[in-house]
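There are 2 protein chains.
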Amino acid sequence: MKQDPQTSLGFLLVDAARLLRRRFEQENRDMPMTSAQLQIIARLSKNEGIGQAALASLLELEPMTVSRHVDRMVAAGLVERVQDPNDRRARQLFTTEKSRALLAPMRERANTLFDEAQVGLSSKEREALFAALQVVVRNLCAADASANPADDRPGRRTGSAPMADDVKQDILS
Amino acid sequence: MKQDPQTSLGFLLVDAARLLRRRFEQENRDMPMTSAQLQIIARLSKNEGIGQAALASLLELEPMTVSRHVDRMVAAGLVERVQDPNDRRARQLFTTEKSRALLAPMRERANTLFDEAQVGLSSKEREALFAALQVVVRNLCAADASANPADDRPGRRTGSAPMADDVKQDILS
DNA sequence: TGCCAATAATAACCCTGATTATTATATCCA
DNA sequence: TGGATATAATAATCAGGGTTATTATTGGCA
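Just so you know, the protein sequences line up as chains X and F, in that order. Here my numbering is used: the first sequence runs in plain steps of one and ends on residue 175. Here my numbering is used: the second sequence runs in plain steps of one and ends on residue 175.
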């Protein structure tokens with residue numbers, strides 16, 4: 003039905019992402035977790051106790067967006083919000099038993115879908131697609147930080163806190 | 003800041019699309035047209051007089067989504083809605099002088115941004131990215147229609163009308 | 001010490017997109 | 001000819017994402 007396929011990379015990319023997300027949500031209506039929530043839990047599970055602002059910067063989301071997500075996810079029993087003992091402004095986030103249990107099966111389904119989306123592409127082509135998208139994301143993140151990527155002073159970045167090196171270590175991998 | 007880059011194609015794709023869109027909207031706040039509206043006008047300009055349902059199926063969007071868009075765009079003077087003389091349920095859509103005038107400059111800016119997003123990729127890599135995304139979109143569209151792509155009876159498809167061949171001709175290219 | 005700038009979270013509001021349900025027509029066919 | 005069926009558009013409602021502005025705190029520094 004797409005008689006006149008997109009000739010522009012940008013719109014093609016946006017369309018692909020939307021279609022993928024739509025399919026995911028359609029196929030997982032029985033699951034008590036959306037794709038966005040899955041992504042958040044996946045990140046959080048590797049960074050238990052992190053604050054919302056830091057989580058936002060990991061996900062390249064606005065802090066407000068994360069705040070709303072956490073609201074809903076707390077209500078759904080997927081996340082726990084605990085007062086940070088060292089900072090009365092901040093809350094620490096933790097996954098719950100429920101969300102941890104959902105992580106593996108949801109990832110499974112997601113990967114199956116991602117695979118279906120790539121039917122017809124060779125492994126070489128898939129790797130190329132993956133690598134190219136990583137470049138795109140890196141370009142857009144860099145540009146987001148400042149005009150000159152080298153000039154990446156912390157305060158300039160949207161909602162991101164200057165992060166201590168040991169914290170960075172926790173986050174890596 | 004993305005210390006732990008996405009290892010999953012799907013989330014990488016969704017992230018790339020979101021970042022791209024965000025940058026676009028940020029850089030075009032002075033323009034009286036959003037990226038979604040640009041895409042709609044681009045399609046409509048090649049299919050003047052089309053109905054909302056048909057436009058929705060061209061864009062792979064739900065009819066309701068298009069309906070709301072048209073509401074806002076009519077209010078913004080970007081689209082005209084005319085009663086279809088042959089079908090009292092339907093309205094025909096037309097671009098306006100205003101939206102036609104915006105099409106070229108907006109496309110220009112969009113292409114510039116898309117180009118920036120691809121910095122670091124060779125032309126060969128860009129072509130591969132483009133081709134791979136087209137495959138992904140095709141896979142997801144086919145799967146959306148029905149389990150078996152061959153079994154694509156019209157009534158099964160979300161909101162899409164069975165379309166006369168001459169109309170298809172108009173839409174192509 | 002005491003004030004001012006940076007930060008964490010969030011409220012209010014807008015756009016995009018989807019799902020479900022309605023209403024008004026149009027069609028098809030018995 | 002009529003009635004079942006399909007289609008066009010849209011109202012209501014929900015999730016995802018963003019921007020701007022507020023409120024508490026924290027922290028640095030004069």
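Here a beta-carbon is modelled for each residue, glycine too, at the ideal position from N, C-alpha and C.
F/D86: which of F/F26, F/E50, F/A44 sits nearest, CA to CA?
For this step, residue 86 of chain F is matched to residue 84 along the second sequence. Looking at the Cα atoms, F/E50 is the closest of the given residues.
CA nearest to the CA of X/F26, picked from X/R91, X/L11, X/A112
For this step, residue 26 of chain X is matched to residue 24 along the first sequence. Comparing Cα positions, the closest option is X/A112.
Roughly how far, in whole angstroms, is the beta-carbon of X/M142 from the beta-carbon of F/A77, given that I think they are within contact range, below 8 Å?
Here residue 142 of chain X corresponds to residue number 140 of the first sequence, with the count starting at 1. Here residue 77 of chain F corresponds to residue number 75 of the second sequence, with the count starting at 1. Checking the sequence shown, residue 142 of chain X turns out to be Leu, not Met. Going by Cβ atoms, the distance from X/L142 to F/A77 rounds to 31 Å, so no, they are not a contact pair.
In chain X, what lies closer than 8 Å to F/D17 by C-beta?
To locate residue 17 of chain F, count along the second sequence from 1; it is residue 15. Result: E62, V139.
Only counting the same chain, and skipping five residues up and downstream in sequence, which positions put a Cβ closer than 8 Å to that of F/Q54?
Translated into positions along the second sequence, residue 54 of chain F becomes position 52. Correct list, in chain order: P65, V68, S69, V72, A92, R93, L95.
Cα separation between F/Q8 and F/L14?
Walking along the second sequence from the start, residue 8 of chain F turns up at place 6. Walking along the second sequence from the start, residue 14 of chain F turns up at place 12. Distance between the alpha carbons of F/Q8 and F/L14: 6 Å.
For the candidate residues F/L60, F/R128, F/T98, F/I42, whose alpha-carbon lies nearest to that of X/V138?
Position 136 of the first sequence, counted from the start, is the residue given in the question as residue 138 of chain X. The shortest C-alpha separation from X/V138 is found at F/R128.
Check the Cβ of F/V121 against every Cβ in chain X and list those closer than 7 Å, keeping chain order.
Mapped onto the second sequence, residue 121 of chain F falls at position 119. Correct list: N141.
Can you tell me whether X/G53 is helix, strand or coil according to DSSP?
As a working note, residue 53 of chain X is residue 51 in the first sequence. Shown here, X/G53 sits in a strand according to DSSP, grouped into three states.
Alpha-carbon spacing of F/L22 relative to F/F116, whole angstroms
Position 20 of the second sequence holds residue 22 of chain F. Position 114 of the second sequence holds residue 116 of chain F. Going from the Cα of F/L22 to the Cα of F/F116 covers about 8 Å.
Between F/A45 and F/L57, what straight-line distance do the alpha-carbon atoms span, to the nearest angstrom?
Here residue 45 of chain F is taken as the residue at index 43 of the second sequence, counted from 1. Here residue 57 of chain F is taken as the residue at index 55 of the second sequence, counted from 1. Per the sequence shown, the amino acid found at residue 45 of chain F is Arg instead of Ala. C-alpha separation (whole angstroms): 8 Å.
So F/A80 and F/M35 are in contact, right, with Cβ under 8 Å, and what is the actual spacing, rounded?
The sequence position of residue 80 of chain F within the second sequence is 78, counting from 1. The sequence position of residue 35 of chain F within the second sequence is 33, counting from 1. Correcting the residue type first, residue 80 of chain F is Leu in the shown sequence and not Ala. Rounded to whole angstroms, the Cβ separation of F/L80 and F/M35 is 6 Å, and the two are in contact under 8 Å.
Cβ-Cβ distance between F/L105 and X/A134 below 8 Å
Here the question's residue 105 of chain F lines up with position 103 in the second sequence. Here the question's residue 134 of chain X lines up with position 132 in the first sequence. In this structure, X/A134 does not lie closer than 8 Å to F/L105 by Cβ.
Chain F within 8 Å of X/R31, Cβ atoms only
Counted from its first residue, the first sequence places residue 31 of chain X at position 29. Taking Cβ atoms only, chain F never reaches closer than 8 Å to X/R31, which makes this a no.
Label F/V16 either buried or exposed according to how many other C-beta atoms from any shown protein chain fall within 10 Å of its C-beta, with 16 as the threshold for buried.
Locating residue 16 of chain F in the second sequence gives position 14, where the first residue counts as 1. Label assigned to F/V16: buried.
CB contact check: X/R25 to chain F, cutoff 8 Å
In the first sequence, counting from the first residue as 1, residue 25 of chain X sits at position 23. By this cut-off, X/R25 is an interface position.
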